[in-house]
Amino acid sequence: MLDIFKNQFSKEEILSANFGVEREGLRVNEDGKLAITNHNEIFGNKLLNPYITTDFSESQPELITPVFHTTKEAYAFLSALYDIIALEIGDEYIWPQSMPCDIPEDEHIPIAQYEDCDLCQSARMYREELYKKYGGKKQLISGIHFNFSFSEDFLRKLYEYENKHSDYKDFKNDLYLKVVRNYLRYRWLLIYLLGAAPIIHESYNKECTKLLREVHEGAYSNDGAISHRNGECGYKNNIDLFPDYLNVASYIGSIEGFVKDNMLQSHKELYTQIRPKAKNNTELLNSIKDEGIHYIEIRSIDINPFEKGGMSLEDMDFIHMLMLYCLVKEETGYENWQEDALLNQRLIAKHGLQNVLLIRDGKEITKEEWGLEILFEMKDMSLEIGLGKEEVIDRMIEKIIDTKNTYAYQITRKVQQEGYLKAHIDLAKKYKESAYNHRYKLEGYEDMELSTQILMKEAIKRGILVEILDRRDQFIALTRNNKTEYVKQATKTSRDSYITMLMMENKTVTKKMLERQGICVPKGIEIAITDNKDIIISKYKNKAIVVKPKSTNFGQGISIFTEEAAKEDLLKALDIAFEYDDTVLIEEFAKGKEYRFLVIGDETVGILHRVPANVVGDGKHSIRELVKIKNQDPLRGKGYKTPLEKIELDESSQLFLKQQGKDFDYVPEHLETVYLRENSNISTGGDSIDYTDSIPDRFKEIAVKAAKAVGARFCGVDMMIEDYKDEKSNYSIIEINFNPAIHIHSYPYIGTERNIAKHVLKELQLI
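To convert, note that position 292 of the sequence shown is 298 in my numbering; the numbers rise steadily by one, no gaps.
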């Protein structure tokens, strides 16, 4: 097969595959005890949320990634799911370990609760039967399920070159079953390399702990343990079962036989290290019989306590290489391979950090000798067909050569030094802090606009299916209960008509629509690029005015003169505005402070006062240098991908500074604040301050009225208010913006953070 790969396939074709991860966990309190609170209602129905559900217990969340075509995407999404759930469970944490925390007796372990429906009752009954048969404590063991399949294009092409069957489905089934058989043979190696559950807490199982020695403060282990989860104290069937993996018919027949003989209550209870899976896993065996094996589920993987999401990207890449190795590796005819493979698994799980003799085809071999042989064969495979994955395999070779490089050794040392509960809680706290520090972004999607990331994150949290239709254009589809809404840039939706958008884009039309509703707007005139500017200049020079393009957004091309405008400055302002439109508005300068009202539906959901781009002097650095320093803030970026935008020194800021008798090389005095432009848009480097709870309702109602005047369900209303504390104060609406950004309200520079995405989803009738 290697020759076929080398001569007929490109690297990209060989590596094309599909990846998905299911990560279980436990919610715990700060003291390391199991949290017995209910699964957060914000995640919705456990059986319908495709991303966040529960496993056996109400205290056992399960994170499920979609299927991705790269390990990098799967890894990022897993981390994103961790961030989402960590921020929604209050003062609780996610236990970063496969073996349980400090857990109560069985009768106090809360089994997952479900809503009143036939499927829900079935899920509850299944868990109750497991509880009776295995007890509640073993059900709390958590792990990683890694779902893998080769791409259909890869399989089809391989079928053409290696076809020994008349039927493609049979070919694919046989291929996946070969991978399954070989994986079972070599699973001991993956358990050694990724094993990270070498210690058991005294609350877990007295029968297990009395056979072990105390490591530190109620934590128990034996010398050299790698993974109690994969050993005798782990979660396994009451008797050893060996399905027949020769072909699909024999596999299905063997499992049906286990159920018929009352060894299993259903196929779901077979706790093997790897499972063939189907398109319809509710009717797994029938679906495999009719449609064939769709993917395989690898179940040997412990939660990596040193990874926030529970699994590293390098480990995902290694498993991908292991799957290719299992595909090309020739099998032997040794009959008792399943029994020996299970023995090897248990030996490694219990004593893997020590010198262990394994059984290969009935003969003893050291784990070092066999492990290095497999890994060097994998490395040769990568080199021969040009996969470029040698470094990943080298990291695994280092773990064979020196056990100190293994996760099991490292977590054992950490527990010995700090204690079982403290060592893991400290890691959990670190990961939760990381989630908070990056709360504004959706990991893996940082290239998208922040408002879109925020909306996607809220949808994922609530179990709304998210599909990216055009990543560069920020175009997504949101689906729940067969209802789909299409959204562009977070607030361009079907709820606003095209003519509404055009009205808001045209500032002259906007003013007329507002005036008809008795809403105050600044007086002014409209001039075209071909008009006689001398007449205009003579009328407006030496007045406080605003010059802005007729159709623009995000504060582009605007010049504001709070005092008298000199002729040359007014001409310059017109030139700047005409760069963005061939029609320009000149308006009276409205007194007061500017506030952005975010209107969604019939409600003002957020209000910001936006402070114009500014720097604070230190008596040493110039304005140019201070801007560079301020732009280093990680919250500042470009393209609306961070809560704040970087400050740009452009013609508008140069003109504004000139009115103050300053330029970019001016050195402000210590603590002197220098504003770089009059307009306060966040998009031009301004700072945002939340005023939602401070502004009187009268102004909120005016903002909603303004939105309705143009028929908008999503809009940003820019309002000047002379005294925001006085509900009778003078005001003027200077602009209404379509496609308002939500991130500036969600994460203001100063003030309360607002869950604006929730209001977007409500307006779309998805929640």
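Built from N, CA and C at the ideal position, the CB exists for glycine as well.
How long is the line joining the alpha carbons of ILE95 and HIS444, rounded to whole angstroms? 16 angstroms
PRO754 and PHE720: beta carbons closer than 8 angstroms? no
Pull up the CB-CB distance for TYR99 and LYS435, whole angstroms please, since I reckon it's below 8 angstroms. 7 angstroms
Can you tell me the Cα-Cα spacing of ILE466 and HIS765, whole angstroms? 15 angstroms
Compare the beta carbon distance of THR516 and VAL716 with 8 angstroms and say whether it is the shorter of the two. yes
Under the three-state DSSP convention, the category SER738 falls into: strand
Let me check you understand the geometry: is the CB of LYS494 closer than 7 angstroms to at least one non-hydrogen atom of the ligand ZN? Ligands are entirely absent from the displayed structure, and the ligand ZN is therefore not among its contents.
Rounded separation between ASN310 and ASP400 - CA only: 19 angstroms
Is the beta carbon of LEU641 closer than 8 angstroms to that of ILE750? no
Do you know how far the Cα of SER752 is from the Cα of ARG187? 51 angstroms
Apart from the five residues on each side of it in sequence, which residues of its chain come closer than 7 angstroms, Cβ to Cβ, to PRO116? ILE42, SER63, GLU64, SER65
Count the other CB atoms, across all protein chains shown, that sit within 10 Å of the CB of SER500; report buried if there are 16 or more and exposed otherwise. exposed
In angstroms with no decimal places, state the Cα-to-Cα distance between LYS373 and LEU381. 12 angstroms
Residues of its chain near ILE531, where Cβ-Cβ distance is below 7 angstroms and the 5 sequence neighbours each way are ignored: ILE592
Pick from VAL673, GLU320, ILE688, CYS332 that is closest to TYR189, judged by C-alpha positions: CYS332
Sufficient close CB pairs (3 or more, under 8 angstroms) joining the region 682-700 to the region 502-516: no
How many angstroms separate the CA atom of GLU600 from the CA atom of SER155? 55 angstroms
Three or more C-beta pairs closer than 8 angstroms, one from the region 445-457 and one from the region 473-487: is that the case here? yes
Around the C-beta of GLY237, are 16 or more other C-beta atoms found within 10 angstroms, so that it is buried, or is it exposed? buried
Note down the Cα distance separating ILE422 from HIS222, rounded to an integer number of angstroms. Here residue 422 is Gln; the residue named in the question, Ile, does not match the sequence. Cα-Cα distance, rounded: 6 angstroms.
GLU337 in three-state terms, based on DSSP: coil
With DSSP run on the structure shown, which of helix, strand or coil describes TYR88? helix
Which term fits GLN771, buried or exposed, when burial requires 16 or more other beta carbons within 10 angstroms of its beta carbon? exposed
Taking the continuous alpha helix (DSSP H) assigned at ALA23, which residues delimit it? Unbroken run through ALA23 is the beta strand (DSSP E), 23-30; no alpha helix (DSSP H).
Closest by C-alpha distance to SER565, when choosing among GLY315, PRO649, VAL472, SER659: SER659
Can you check whether the CB of PHE25 is closer than 8 angstroms to the CB of MET322? yes
When the Cα atoms are used, what is the spatial distance from ARG468 to LEU181? 38 angstroms
By the three-class DSSP mapping on this structure, what secondary structure does CYS123 have? coil
Residues that DSSP places opposite HIS627 in a beta bridge: DSSP output for HIS627 lists no bridge partner at all.
At the level of alpha carbons, what is the spacing between LYS438 and GLU320? 22 angstroms
Considering only their Cβ atoms, is the gap separating HIS357 from GLY230 smaller than 8 angstroms? yes
Roughly how many angstroms lie between the CA atoms of GLU609 and PHE662, to the nearest whole one? 35 angstroms
Is VAL710 helix, strand or coil by DSSP? helix
Exposure label - LEU508; buried when at least 16 CB within 10 Å: exposed
Buried or exposed for ARG162, going by 16 or more other Cβ atoms inside 10 Å? exposed
Among LEU448, LEU330, LYS178, which residue has its Cα nearest to the Cα of ILE294? LYS178
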